[in-house]
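Structure first, then comments.
There are 2 protein chains.
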Amino acid sequence: MDVASVILMLVVLLVLARIGARLFARFGMPGLIGEIIVGILIANISFDGTSLLTLLNIDMGNINIIPPIEPNDNYNVLEIFAEIGVIFLLFSVGLETKVRDLFAVGKTAMLTATMGVIIPFIFGFILIMVYDGNMHHALFLAAAMVATSVGITARVIKDMKVLETLESRIIIGAAVIDDVLGMIVLAIVMGMAGGEELSVLSISVTVFKAVAFVLLMLALAYWVVPKIYKYFDEMHKRKVAATGEAHSSVNKLILAIVVCLGFSWAADMIGLATIIGAFLGGMLLAEYAWEWDLEGKIESITTLFISYFFVNVGMQVDLESCASVTVIVLATIVIFLAVISKYIGCGLGAQMGDKTLSKESRHIIGVGMIPRGEVGIIVAAYGLSSGAMSNELYAVVVIMAVATTIIAPPLLAKAFRKKYPPEYKITPDDLV
Amino acid sequence: MDVASVILMLVVLLVLARIGARLFARFGMPGLIGEIIVGILIANISFDGTSLLTLLNIDMGNINIIPPIEPNDNYNVLEIFAEIGVIFLLFSVGLETKVRDLFAVGKTAMLTATMGVIIPFIFGFILIMVYDGNMHHALFLAAAMVATSVGITARVIKDMKVLETLESRIIIGAAVIDDVLGMIVLAIVMGMAGGEELSVLSISVTVFKAVAFVLLMLALAYWVVPKIYKYFDEMHKRKVAATGEAHSSVNKLILAIVVCLGFSWAADMIGLATIIGAFLGGMLLAEYAWEWDLEGKIESITTLFISYFFVNVGMQVDLESCASVTVIVLATIVIFLAVISKYIGCGLGAQMGDKTLSKESRHIIGVGMIPRGEVGIIVAAYGLSSGAMSNELYAVVVIMAVATTIIAPPLLAKAFRKKYPPEYKITPDDLV
Chain A
1265 MDVASVILML VVLLVLARIG ARLFARFGMP GLIGEIIVGI LIANISFDGT SLLTLLNIDM
1325 GNINIIPPIE PNDNYNVLEI FAEIGVIFLL FSVGLETKVR DLFAVGKTAM LTATMGVIIP
1385 FIFGFILIMV YDGNMHHALF LAAAMVATSV GITARVIKDM KVLETLESRI IIGAAVIDDV
1445 LGMIVLAIVM GMAGGEELSV LSISVTVFKA VAFVLLMLAL AYWVVPKIYK YFDEMHKRKV
1505 AATGEAHSSV NKLILAIVVC LGFSWAADMI GLATIIGAFL GGMLLAEYAW EWDLEGKIES
1565 ITTLFISYFF VNVGMQVDLE SCASVTVIVL ATIVIFLAVI SKYIGCGLGA QMGDKTLSKE
1625 SRHIIGVGMI PRGEVGIIVA AYGLSSGAMS NELYAVVVIM AVATTIIAPP LLAKAFRKKY
1685 PPEYKITPDD LV
Chain B
1265 MDVASVILML VVLLVLARIG ARLFARFGMP GLIGEIIVGI LIANISFDGT SLLTLLNIDM
1325 GNINIIPPIE PNDNYNVLEI FAEIGVIFLL FSVGLETKVR DLFAVGKTAM LTATMGVIIP
1385 FIFGFILIMV YDGNMHHALF LAAAMVATSV GITARVIKDM KVLETLESRI IIGAAVIDDV
1445 LGMIVLAIVM GMAGGEELSV LSISVTVFKA VAFVLLMLAL AYWVVPKIYK YFDEMHKRKV
1505 AATGEAHSSV NKLILAIVVC LGFSWAADMI GLATIIGAFL GGMLLAEYAW EWDLEGKIES
1565 ITTLFISYFF VNVGMQVDLE SCASVTVIVL ATIVIFLAVI SKYIGCGLGA QMGDKTLSKE
1625 SRHIIGVGMI PRGEVGIIVA AYGLSSGAMS NELYAVVVIM AVATTIIAPP LLAKAFRKKY
1685 PPEYKITPDD LV
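Protein sequences, first through last, are from chains A and B.
Going by the working numbering, the residue at position 210 of the first sequence is 1474; the numbering climbs one at a time, nothing skipped.
Going by the working numbering, the residue at position 1 of the second sequence is 1265; the numbering climbs one at a time, nothing skipped.
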């Protein structure tokens, strides 16, 4: 393997991705969209038959033909960096999600999340069954329409400094539950697409494994980890009292990295996505993230890796398959349904949970849940790599995820500003 | 490529490496030695023919036979992680090295460094020429005996809180110059070992390229970068004054990552080691590292990667080639020469530079320059991978680097304590 060639690839992709991110941020859009578009351009533009992929010695291979062409070393490294990037991203979202908060937001958030999952899933599923009748296609597109991007939502709310409002607490709680539900949906869909028979038994097994894993992790986070922490904390204090010196203990960042990667692997082993394990692993440590100063450290690591994920996402988009009337029409319908179904579903769910909510509050909640961002794309990427989704539908999902991510932040800002004093303000740079 | 298998490998190696590091730290030794030994054990122990390498799906391949067996995907990723780890380690050393300090420590440090390079090089070269007469062997072993490990030395001094003493300033300055000289020596040796004729011309070209690159980077660091910084800083201030808002500018961590990887690649391109570029790249940003809060962020990234470097270093050691009387005898002689030559060379150099230095001070300086640590191993690893060094000599260098790293910290602590009040104290954990 040529190490220098790998390093060159990493540098050039990082620089291009950040230029894309900054450009989009300057025009008031989240930076990740710029990174995705950089990926699309890299994979689709070539001069005189020489593309940037060739110059950077990236060969993505082609696993859809027989015999499959394996990707080369450089692309393997890019893929690992992309995967580790999204793992650390979801881990850091987990670090911000205390299991107590999850339990405390209660009924309203739960109903908001549930309705916000059911309605979009039904809309998406029916649309594709009507469109091409392929159940795998329908399942993956429906699953991609389900999960709200916690990252984007939380970031907008944090940047507007309205984290303390009732609506924000419901949105954050619901977005988190929604993410867990979305991951269960993803697990089910992946299990069904993984060559397994679509029997009631196989679905039940998948649901059981997913629910059991999630519940086990929640139980760990709520009961077991605090006890372990207390045990070591007291042992540490006794040691300090006995020896009189602050004996440095286990490196907390290493512990976090091991938890993050370890549970990602465990999730994969039982048939869930790695990111589910990463998110739940983060939640295990959420109570101690501040004390251990983890968030900044994990963010540094995420910063190194995450751009490769979004660039790689873009690189999967084959522009030729998008340049058809079908894709454009289908994407328009999917965007419309994605926005409407989430808005209606969450508004309805919120009202079911808390009858006293005003129309304005339900509007804020509905709008706040719209962005799909990276989660929808992750679902579609799994679908594409498992062969359960076509290039056209993948392109449609990416367009939908990008579009909802662009649409939501300004709408949410406007909705919050209407209800709360106008001093709240999102600057585009904060969304990069 | 099986992503889950890569993640499992990364988790298990990280956990084992840290256990090794903690165990050694508990017995008062630097943790990196534990990580190297973990690597040695992983690669050399097997039960019923099943080694941990097999379980972790690591195939190191064998590039020394014809046709060469290529390493598998997992090992490729491990190698990239190891390389990025050592790149970020040297980058962070660079971040702590201001070019002004380098210029300011002046004559004494320069002479200490120079004599501390010349004497060990001559001793090492003569030893191997006498031993087997192979000039490539002699050059690489001599080069591996040259470079003081800035990391270890600086860490001991920092932990003892004697950074402000005259001896410490000379040691740090000399260790840095010594590193640059060591890297030039490495570049020359690599150029000569790279199949090139050992002509005066080829050596001159290599020296010229190495010196030109280093001088260019020093000039960049001293004249150009401060001007660029000032230009952008003033532009930023004008913008703030005009718009009234603190416009967030380029992400400094990304900038640092790009500088680090970019100059690593550039160094490789002109035939230097990647780590030379990383170190000099760090130096470019040393003046702003504090303001931009870079050190902690880069440390988080280094923490993720660096253990893989030391584990991989250990994995290259073939215990069978060490288990000979020759290697043990040779290693003992090399360790003795490495300690003696550095101690004499640096003491002599320091005296030449500053006649007023007491015997005690020269003793501190001589002892402080003993540890070779990772730098010596890096040199030997380049020698091994380029085929210019034998497995036996590689094993000898690793043993020497480990031994000098173990010997130096307690001696240095004792020497400092003798001259300065006994309240200084190194705790082993601080060396991990």
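The C-beta atom is built at its ideal place from N, Cα and C for all residues, glycine as well.
Review point. Hey, Tyr1646/B and Leu1450/B are a contact pair by Cβ (cut 8 angstroms); roughly how many whole angstroms apart?
Key: Here the question's residue 1646/B lines up with position 382 in the second sequence. Here the question's residue 1450/B lines up with position 186 in the second sequence. Their Cβ separation, rounded to whole angstroms, is 7 angstroms, which keeps Tyr1646/B and Leu1450/B in contact under 8 angstroms.
Exercise for review: Classify Ile1322/A as helix, strand or coil using the three-state DSSP reduction.
Suggested key: Working through the first sequence from its first residue, we reach residue 1322/A at position 58. Coil at Ile1322/A, not helix or strand.
Exercise for review: Just the C-alpha distance for Asp1532/A and Val1275/B, rounded to the nearest angstrom, thanks.
Suggested key: What you label residue 1532/A is simply residue 268 of the first sequence in a count that begins at 1. What you label residue 1275/B is simply residue 11 of the second sequence in a count that begins at 1. If you take the alpha carbons of Asp1532/A and Val1275/B, they lie about 14 angstroms apart.
Review point. Could one say the Cβ of Ile1690/B lies closer than 9 angstroms to chain A's Cβ atoms, at least one of them?
Key: For the purposes of this step, residue 1690/B is taken as the residue at position 426 of the second sequence. The pLDDT assigned to Ile1690/B is 47, lower than 50, so where the model puts this residue is not dependable, and the model offers no usable value.
Check your understanding: Anyone know if the C-beta pair for Ile1434/A and Thr1372/A falls short of 9 angstroms?
Key -> Your numbering for residue 1434/A matches position 170 in the first sequence. Your numbering for residue 1372/A matches position 108 in the first sequence. Their beta carbons are under 9 angstroms apart, which means Ile1434/A touches Thr1372/A by this criterion.
Exercise for review: Sort Lys1682/B, Asn1338/B, Tyr1607/B, Asp1582/B by Cα distance to Val1661/B and report the nearest one.
Suggested key: Numbered from 1 along the second sequence, position 397 holds the residue referred to as residue 1661/B. Closest option to Val1661/B, Cα to Cα, is Asp1582/B.
Point to revise | Separation of Ser1468/A from Leu1479/A, as counted between CA atoms | key: As a position in the first sequence, residue 1479/A is number 215, starting the count at 1. As a position in the first sequence, residue 1468/A is number 204, starting the count at 1. When rounded, the distance between both Cα atoms is 16 angstroms.
Check your understanding: CA-CA distance, Ile1690/B and Ala1289/B?
Key -> Numbered from its first residue, the second sequence carries residue 1690/B at position 426. Numbered from its first residue, the second sequence carries residue 1289/B at position 25. Caution is warranted here: a pLDDT of 47 is assigned to Ile1690/B, below 50, making its placement in the model unreliable, and the coordinate value is therefore given only provisionally. Each residue's alpha carbon lies about 11 angstroms from the other.
Exercise for review: Thinking His1401/B and Ser1654/B are a contact (beta carbons under 8 angstroms), I'd like their distance in whole angstroms, please.
Suggested key: Position 137 of the second sequence holds residue 1401/B. Position 390 of the second sequence holds residue 1654/B. About 7 angstroms separates the two Cβ atoms, so the contact holds.
Check your understanding: Using the C-alpha atoms, what's the distance from Gly1284/B back to Leu1272/B?
Key -> In the second sequence, residue 1272/B corresponds to position 8, counting from 1. In the second sequence, residue 1284/B corresponds to position 20, counting from 1. In this model, Leu1272/B and Gly1284/B are separated by some 18 angstroms (Cα to Cα).
Point to revise | Pairwise C-alpha distance: Ile1301/A and Val1589/A | key: Residue numbering aside, residue 1589/A sits at position 325 when the first sequence is read from its first letter. Residue numbering aside, residue 1301/A sits at position 37 when the first sequence is read from its first letter. Their Cα atoms are separated by approximately 20 angstroms.
Exercise for review: Determine the extent of the alpha helix (DSSP H) in which Leu1697/A is found, giving its start and end residues.
Suggested key: Outside the displayed span of chain A (1265 to 1696) sits residue 1697/A, for which this structure offers no information.
Review point. With 16 other CB atoms within 10 Å as the buried threshold, where does Lys1561/A fall?
Key: Numbered from its first residue, the first sequence carries residue 1561/A at position 297. Lys1561/A counts as buried, since no fewer than 16 other beta carbons sit within 10 angstroms of its beta carbon.
**Study point:** alpha helix (DSSP H) runs contained entirely in the region 1536-1581 of chain B, provided each spans 4 or more residues
**Key:** Entirely contained in the region 1536-1581 of chain B, the alpha helix (DSSP H) runs reaching 4 residues are, in chain order, 1538-1548, 1558-1579.
Check your understanding: What's the gap between the Cα of Ala1672/B and the Cα of Glu1343/A?
Key -> The residue you call residue 1672/B lines up with position 408 of the second sequence. The residue you call residue 1343/A lines up with position 79 of the first sequence. Straight across, the Cα-Cα distance linking Ala1672/B with Glu1343/A is about 42 angstroms.
Point to revise | Pair within 9 angstroms by beta-carbon distance, Leu1657/A and Ala1644/A | key: Against the first sequence, residue 1657/A aligns to sequence position 393. Against the first sequence, residue 1644/A aligns to sequence position 380. It is a contact, given that the beta carbons lie within the stated cut-off.
**Study point:** Test item: CB-CB of Trp1377/A and Val1639/A under 9 angstroms
**Key:** The sequence position of residue 1377/A within the first sequence is 113, counting from 1. The sequence position of residue 1639/A within the first sequence is 375, counting from 1. Note that residue 1377/A is Ala in the sequence shown here, rather than Trp. Against a cut-off of 9 angstroms, the Cβ pair of Val1639/A and Ala1377/A comes out as no contact.
Practice item. Kindly indicate the opening and closing residues of the alpha helix (DSSP H) around Val1341/A. Key: As a position in the first sequence, residue 1341/A is number 77, starting the count at 1. Counting along the chain, the alpha helix (DSSP H) containing Val1341/A begins and ends at 1337-1359.
Point to revise | DSSP state of Thr1412/A mapped onto helix, strand, coil | key: Counted from its first residue, the first sequence places residue 1412/A at position 148. Three-state result, Thr1412/A: coil.
Check your understanding: According to DSSP, is Thr1429/B helix, strand or coil?
Key -> Residue mapping note: residue 1429/B aligns to position 165 of the second sequence, counting from 1. If DSSP states are grouped into helix, strand and coil, Thr1429/B belongs with coil.
Check your understanding: Looking at Gly1546/B and Gly1388/B, is the spacing between their C-beta atoms short of 9 angstroms?
Key -> Position 124 of the second sequence, counted from the first residue, corresponds to residue 1388/B. Position 282 of the second sequence, counted from the first residue, corresponds to residue 1546/B. Between Gly1388/B and Gly1546/B, the gap from beta carbon to beta carbon reaches 9 angstroms or more.
Point to revise | Proximal chain B residues relative to Gly1526/A, where beta-carbon distance stays under 7 angstroms | key: Mapped onto the first sequence, residue 1526/A falls at position 262. Under a criterion of Cβ atoms nearer than 7 angstroms, the residues of chain B adjacent to Gly1526/A are, in order, Val1275.
**Study point:** Residue of Leu1517/B, Asn1340/B, Val1489/B, Phe1311/B minimising C-alpha distance to Trp1780/B
**Key:** The requested residue 1780/B is not part of the displayed model; chain B covers only 1265 to 1696.
Check your understanding: Given that a residue counts as buried once 16 or more other Cβ atoms are within 10 Å of its Cβ, and exposed if not, what is Arg1636/B?
Key -> Numbered from its first residue, the second sequence carries residue 1636/B at position 372. When all chains shown are included, Arg1636/B counts as buried.
Check your understanding: Hey, Ala1307/A and Leu1317/A: beta-carbon distance below 9 angstroms or not?
Key -> On the first sequence, position 43 is the one that residue 1307/A refers to. On the first sequence, position 53 is the one that residue 1317/A refers to. Yes, Cβ-Cβ distance for Ala1307/A and Leu1317/A is below 9 angstroms.
Check your understanding: Name the residues in the region 1328-1355 of chain A whose C-beta lies less than 7 angstroms from a C-beta of chain B; which are they?
Key -> Within the region 1328-1355 of chain A, the qualifying residues are Asp1337, Asn1340, Val1341, Glu1343, Ile1344, Glu1347.
Check your understanding: Taking Cβ-Cβ distances shorter than 8 angstroms, what residues in chain B pair up with Trp1529/A?
Key -> Position 265 of the first sequence, counted from the start, is the residue given in the question as residue 1529/A. The contacting residues are Ala1268, Ile1271, Leu1272, Val1275.
Point to revise | Which of helix, strand or coil DSSP assigns to Phe1311/A | key: The residue labelled residue 1311/A in the question sits at position 47 within the first sequence. Phe1311/A falls in the strand class under three-state DSSP.
Check your understanding: Within the 9 angstroms Cβ cut-off, does Met1409/B reach chain A?
Key -> By 1-based counting over the second sequence, the position of residue 1409/B is 145. Chain A places no beta carbon closer than 9 angstroms to that of Met1409/B, leaving this residue out of the contacts.
Practice item. Give the DSSP-derived three-state secondary structure of Ile1330/B in the structure shown. Key: The residue labelled residue 1330/B in the question sits at position 66 within the second sequence. In this structure, DSSP gives Ile1330/B a state outside helix and strand, which the three-state scheme calls coil.
Check your understanding: Where do the N-terminal and C-terminal ends of the alpha helix (DSSP H) with Gly1613/A fall, by residue?
Key -> Numbered from 1 along the first sequence, position 349 holds the residue referred to as residue 1613/A. Per DSSP, Gly1613/A belongs to the alpha helix (DSSP H) from 1589-1617.
Review point. Counting along the chain, where does the alpha helix (DSSP H) carrying Ser1625/A start and finish?
Key: If you number the first sequence from 1, residue 1625/A lands on position 361. In the DSSP annotation of this structure, the continuous segment of the alpha helix (DSSP H) that includes Ser1625/A starts and ends at 1623-1632.
Check your understanding: What are the start and end residues of the alpha helix (DSSP H) that includes Gly1526/A?
Key -> Numbered from its first residue, the first sequence carries residue 1526/A at position 262. For Gly1526/A, the enclosing alpha helix (DSSP H) has its first and last residue at 1516-1533.
**Study point:** Rounded separation between Ala1438/B and Gly1349/B - CA only
**Key:** Here residue 1438/B corresponds to residue number 174 of the second sequence, with the count starting at 1. Here residue 1349/B corresponds to residue number 85 of the second sequence, with the count starting at 1. The alpha-carbon atoms of Ala1438/B and Gly1349/B are separated by roughly 24 angstroms.
Exercise for review: Taking Asp1532/A as the query, report the chain B residues whose CB atoms sit under 7 angstroms from its CB, ordered along the chain.
Suggested key: Your numbering for residue 1532/A matches position 268 in the first sequence. Going along chain B in sequence order, the residues near Asp1532/A (Cβ under 7 angstroms) are Ala1268.
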